[in-house]
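S.K.: Dropping a structure here in structure tokens format, bear with me for questions.
2 protein chains.
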Amino acid sequence: MGASRARRLSVLDASFLGMETRDTPMHVGALQIFSLPKNAAPGFVKSVVQRYRAPKAIGRPWNLKLAPVPLGRLLPAMHEADEIDFHYHVRHSALPGPGGERELGELISHLHSQPLDRTRPLWTCHVIEGLHDRQFAIYIKIHHALSDGVKGARMIAASLRDKPGTSLAPPWESQAPAARRGKPSAAPRAPASLRWLTTLPGAFRPLFLRTPDAPVVLRPFEAPNSALLNGRVTGARRIATQQLDLAQIRRIAKRAGASINDVFLAVCSAALRRHLLASDALPAASLTAGVPMSLRADGDDASGNAVGFIWASLATDIEDPRQRLAAIRASIGAWKQHLQSLDAAARLPFATLTFTPAVAVMVSGLGARLRPPMNVIISNVPGPEHPLYLGGARLDAMYPVSIPVQGLALNITGVSYAGKLNVGFTGSRDRLPHLQRLAVYAGEALAELDALL
Amino acid sequence: MGASRARRLSVLDASFLGMETRDTPMHVGALQIFSLPKNAAPGFVKSVVQRYRAPKAIGRPWNLKLAPVPLGRLLPAMHEADEIDFHYHVRHSALPGPGGERELGELISHLHSQPLDRTRPLWTCHVIEGLHDRQFAIYIKIHHALSDGVKGARMIAASLRDKPGTSLAPPWESQAPAARRGKPSAAPRAPASLRWLTTLPGAFRPLFLRTPDAPVVLRPFEAPNSALLNGRVTGARRIATQQLDLAQIRRIAKRAGASINDVFLAVCSAALRRHLLASDALPAASLTAGVPMSLRADGDDASGNAVGFIWASLATDIEDPRQRLAAIRASIGAWKQHLQSLDAAARLPFATLTFTPAVAVMVSGLGARLRPPMNVIISNVPGPEHPLYLGGARLDAMYPVSIPVQGLALNITGVSYAGKLNVGFTGSRDRLPHLQRLAVYAGEALAELDALL
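In structure tokens form, the structure reads like this:
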């Protein structure tokens, strides 16, 4: 194993390894649902398994495994594995009858609960047969130290084709030399000028000084306690999925003068509100959501993790769905307006400074004991706009599966794809025994908004 | 959670928890294969799942979970769980087509690699459909701190019936009050007399002083190094199974003047020898096996872990199968003869004293770095003699799945049942990539012995 091929991890990536516990495995997943091609041979799924086990090349980060850490060195390093046991990483699985959403949800819940083997490249893939309606599924799990969910979804999409064809190339296949496809370093680049530093005190002012006429900028750690959403989590996961119609979301957004993301947050808010009310556990104050958003300037592809959080009120203290949507829109708007008022160079440092304490609490495991930084994380990630294919099989949906941590038992992430918003709910099994209902409620909340607006 | 219901673990049971690592999970498993009843309804397997998830009562050890350990207390304790999420513990799984031995072996290998969740009672059960030949399977995994494989197999057998019927009661169902069905304490009982102590020095003499005319009593740690069998293990497992005919084994044993166990060891020896020869890795000196045996006096049911090891030569340095069987028989005979020459009260302490260093090496994780105490562990456990049934489904086979540890990458265990010896091979995935061949070779070795003798 050449030392030249070892790569030190960034502090952020390393933290996903260092803070990982039995109760909070730090991997993300993607669940893809495909329709079998018309007249597919009976062995079609098997042929996907075989092709996935025999890539013609292997690209980063799929070939990276943990290197032994020399004493005295703080951060773990990764190196390229000499040999990869693809028969281990790629598994052929099956659902019991009737092969519906319930059976698929149970299998993915169990698969997502299992920690990755640290002696191998930190990913696995399950190709799953036995779904009803002539479908099959592929679930891919990768450690957050190797890839976040957004990048993972992109790598998967890049392995698919725009048209039905014969290519069954897996996401880890790469024709380019592996060493040249490294993940960009997450080390912060030195900014060209430090003038933005002088603007920072002003940037924080609205968080602490509130004036009656200015819109309220929600502070981190301003979330009410919710045992269901913010209690201690254990290692087992429960997942649920919902597919929302993007045209319907757009129609509602247009009528309400809101963004697609506002409507998505309102749908999640309605589902959470209904679920907590039914459990007699809705806090009097509104739930708050941490909403990750890209702070990358247009055309800047090099800066690594340029992701900040917007702190949004979910307005769960408001009964009327229309007023709730308006309040969510106003809360997001106040943050956006504030960010836009800042020097462009100050936006990322500002977002990082509000975001860092929340991340510190989450990855330290203290989350279940401290006041939560937010009640839930809700992401909305743009994905491919046009249908994609694996060989002749059409991709019907791609659901993100994410990471609950101590103090944040639920993650809701939506990925858009070919006219749909595919929403994955990932929860701690013990905290959220009826997670499936959230998915059902979200679908009903969208229909309700459509009827009201 | 009543403190009165907490139970301190014995040092031995606690060691299985304390020494557990990502690379060496400490659970045992049992794989049962059933034939579907004639004219079984299509939902038969589903009805087993449902019944297994709804026991009418729950007995020890199935309801025990780890209690938080107060600071300053050395040993972990178990207490009875107030609520058990049977939907978590009992899973409905399926094999991909064609549902043969290969697909079943791959699934069980992966299931046996996954550590148990320490926040719940330390067991899981998978009811598996999709086997060919109208069969289904049940795989049960339990932590060694709750049960060893022998006791686990007995609990499973006790839940089955002698005749086809309608009872689908799971092994964890118990009508008796749970608290009264505790595992007997493993704390050693004070012996009535200490006279046996004076015999111990004599008991050890043959291990160190060898005389030309006396049979050689094999010493612990007298095993040659074998990277394949005694190298470092990682967390992934590989399992293989073989069903041997007991009548055939008995016939061979009778002709050779050997015991059933001698023939079983000879079969394992032949398989190992052939496999290591093919890999050009057969040590010049014979491999040795640790063979667990009960040291319980007849009628003594109370003494807990009265298990010692016999240290047997596998005579892998001998080419002729008949001479190999004779050498194995002589090696076992020398130990047995020596044990029988001891005061009955000294047998268990003696066996414990030779066995303890081996256990210490194994559970400490030092096994991969020190000279191995033995090359392989081979157990032969008597099981039910007559066919058993789950409802109308006949149990066709029950295979043990065991624990590789650092320095001992392979375990071979046979359990007799209804005229067959069901042999489970459990190996470290990375050390033994062709484990399946061992199972095939074992079947062929039995046929060869039958033809020669």
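Taken in sequence, the protein lines are chains A and B. For the first sequence, my numbering gives the first residue as 1, with consecutive numbering after it. For the second sequence, my numbering gives the first residue as 454, with consecutive numbering after it. The beta-carbon is built from N, C-alpha and C at its ideal position, and this holds for glycine as well.
#1: If you measure from the beta carbon of residue 548(B) to each beta carbon in chain A, is any gap under 7 Å?
#2: If I measure Cβ to Cβ from residue 642(B) and keep anything under 6 Å in the same chain, skipping five residues before and after, which residues do I get?
#3: Just to confirm before moving on: does the CB-CB distance between residue 735(B) and residue 828(B) stay below 7 Å?
#4: Name the one or two DSSP bridge partners that residue 762(B) has.
#5: So, is the C-beta of residue 83(A) closer than 7 Å to a C-beta in chain B?
#6: Should the segment 422–439 of chain A be regarded as contacting the segment 233–247 of chain A, the criterion being three or more beta carbon pairs within less than 8 Å?
#7: Using the beta-carbon of each residue, which ones in chain A are nearer than 8 Å to residue 567(B)?
#8: Pull up the distance between the alpha-carbon of residue 637(B) and that of residue 574(B), whole angstroms please.
#9: Can you confirm whether residue 189(A), when its beta carbon is compared against all beta carbons of chain B, has any partner nearer than 7 Å?
#10: Is residue 474(B) buried or exposed, if buried means 16 or more other CB atoms sit within 10 Å of its CB?
#11: Evaluate residue 299(A) with the Cβ neighbour count: other Cβ atoms within 10 Å of its Cβ, from every protein chain shown; 16 or more gives buried, anything less gives exposed.
#12: Mind listing the chain A neighbours of residue 544(B)? Cutoff is C-beta to C-beta under 7 Å, in chain order.
#13: Is any beta-carbon of chain B found at less than 7 Å from that of residue 479(A)?
#14: Near residue 711(B), what residues of its chain come up, given a Cβ to Cβ distance below 7 Å and the 5 sequence neighbours on each side ignored?
#15: Mind checking if residue 688(B) is an interface residue toward chain A, Cβ cutoff 7 Å exclusive?
#16: Report all residues from its chain with a CB closer than 7 Å to the CB of residue 132(A); omit the five preceding and five following residues, and keep chain order.
#17: Alpha carbon to alpha carbon, how far is residue 23(A) from residue 139(A)?
#18: Report the option in 571(B), 468(B), 545(B) and 570(B) whose CA atom is closest to the CA atom of residue 560(B).
#19: Could you say which of 397(A), 233(A), 19(A) and 265(A) lies nearest to residue 431(A) if we only look at CA atoms?
#20: With distances taken from CA atoms, which of 323(A), 36(A) and 51(A) is nearest residue 87(A)?
#21: Name the DSSP bridge partner or partners of residue 381(A)?
#22: So which residues of chain A does residue 541(B) contact, with C-beta pairs closer than 8 Å?
#23: Ordered along the chain, which non-local residues of its own chain (more than five positions away) have a Cβ less than 8 Å from that of residue 492(B)?
#24: Return the chain-ordered ranges of every alpha helix (DSSP H) run that is complete within the segment 483–544 of chain B and spans a minimum of 4 residues.
#25: Classify residue 976(B) as buried or exposed, calling it buried when 16 or more other Cβ atoms lie within 10 Å of its own Cβ.
#26: Closest Cβ-Cβ distance between residue 570(B) and chain A: below 7 Å?
#27: Beta-carbon within less than 7 Å of residue 142(A)'s beta-carbon, same chain only, minus the 5 sequence neighbours each way: which residues are those?
#28: Work out the CA separation of residue 464(B) and residue 612(B) for me, nearest whole Å.
#29: For the 8 Å Cβ check, are there 3 or more pairs between the segment 791–798 of chain B and the segment 701–716 of chain B?
#30: Going by beta carbon distance, what residues of the same chain come within less than 7 Å of residue 706(B), once the five residues before and after it are set aside?
#31: Can you tell me where the beta strand (DSSP E) holding residue 734(B) begins and where it ends?
#32: If you measure beta-carbon to beta-carbon, which residues of the segment 22–38 of chain A are closer than 8 Å to chain B?
#33: In angstroms with no decimal places, state the Cα-to-Cα distance between residue 429(A) and residue 542(B).
#34: Using 10 angstroms around the beta-carbon of residue 579(B), count the other beta-carbons present and answer buried if the total reaches 16, otherwise exposed.
#35: Given this structure, state the Cα-to-Cα distance separating residue 852(B) from residue 442(A), to the nearest angstrom.
#36: Cα separation between residue 774(B) and residue 619(B)?
M.R.: Checking against the coordinates, here is how it stands:
#1: For residue 548(B), the answer is yes, since a Cβ of chain A falls inside 7 Å of its Cβ.
#2: The pLDDT assigned to residue 642(B) is 41, lower than 50, so where the model puts this residue is not dependable, and the model offers no usable value.
#3: No.
#4: Residue pairing by DSSP places residue 762(B) opposite 745(B) in a beta bridge.
#5: Not an interface residue.
#6: Contact between the segment 422–439 of chain A and the segment 233–247 of chain A is present, because at least three Cβ pairs lie under 8 Å.
#7: Under the 8 Å cutoff, chain A gives 114.
#8: Confidence is the limiting factor: at residue 637(B) the pLDDT is only 40, short of 50, which leaves the residue's position unreliable, though a coordinate-based value still follows. Distance between the alpha carbons of residue 637(B) and residue 574(B): 19 Å.
#9: Note on residue 189(A): pLDDT 42, under 50, position unreliable in the model; the coordinate value appears next. So, not an interface residue.
#10: For residue 474(B), the number of other beta carbons within 10 angstroms of its own is below 16, and it is reported as exposed.
#11: Only weak support exists for where residue 299(A) lies, its pLDDT of 49 falling under 50; the coordinates are left without a value.
#12: Under the 7 Å cutoff, chain A gives 110.
#13: No answer is possible for residue 479(A): the residues shown for chain A start at 1 and end at 453.
#14: Closer than 7 Å at the Cβ level, and outside the excluded window around residue 711(B), lie 778 and 782.
#15: It does: the Cβ of residue 688(B) has a partner Cβ on chain A nearer than 7 Å.
#16: A distance below 7 Å between beta-carbons, with the five flanking residues on each side excluded, links residue 132(A) to the following residues of its chain, in chain order: 98, 99 and 100.
#17: About 21 Å.
#18: The option with the nearest alpha carbon to residue 560(B) is 545(B).
#19: Distance from the Cα of residue 431(A) is smallest, within the candidate group 397(A), 233(A), 19(A) and 265(A), for 233(A).
#20: Taking only the C-alpha atoms, the option nearest residue 87(A) is 51(A).
#21: In DSSP, residue 381(A) forms a bridge with 415(A).
#22: Going along chain A in sequence order, the residues near residue 541(B) (Cβ under 8 Å) are 236 and 429.
#23: Cβ within range, chain order: n/a, list empty.
#24: Segments of the alpha helix (DSSP H) lying fully in the segment 483–544 of chain B: 497–505 and 539–542.
#25: There is simply no residue 976(B) to check, as chain B begins at 454 and stops at 906 in what is shown.
#26: By this cut-off, residue 570(B) is an interface position.
#27: Counting only Cβ-Cβ distances below 7 Å, and skipping sequence neighbours, we find 27, 28, 122, 123 and 152.
#28: Roughly 29 Å between the two C-alpha positions.
#29: At 8 Å Cβ cutoff, the stretches do not touch.
#30: Only 712, 713, 715 and 716 meet the Cβ criterion.
#31: According to the DSSP assignment, residue 734(B) belongs to no beta strand (DSSP E), since it is labelled neither H nor E.
#32: Hits within the stretch, in order: 22 and 23.
#33: Cα-Cα distance, rounded: 12 Å.
#34: With 16 or more Cβ atoms within 10 Å of its Cβ, residue 579(B) is classed as buried.
#35: A direct Cα-to-Cα measurement between residue 852(B) and residue 442(A) gives close to 46 Å.
#36: About 47 Å.
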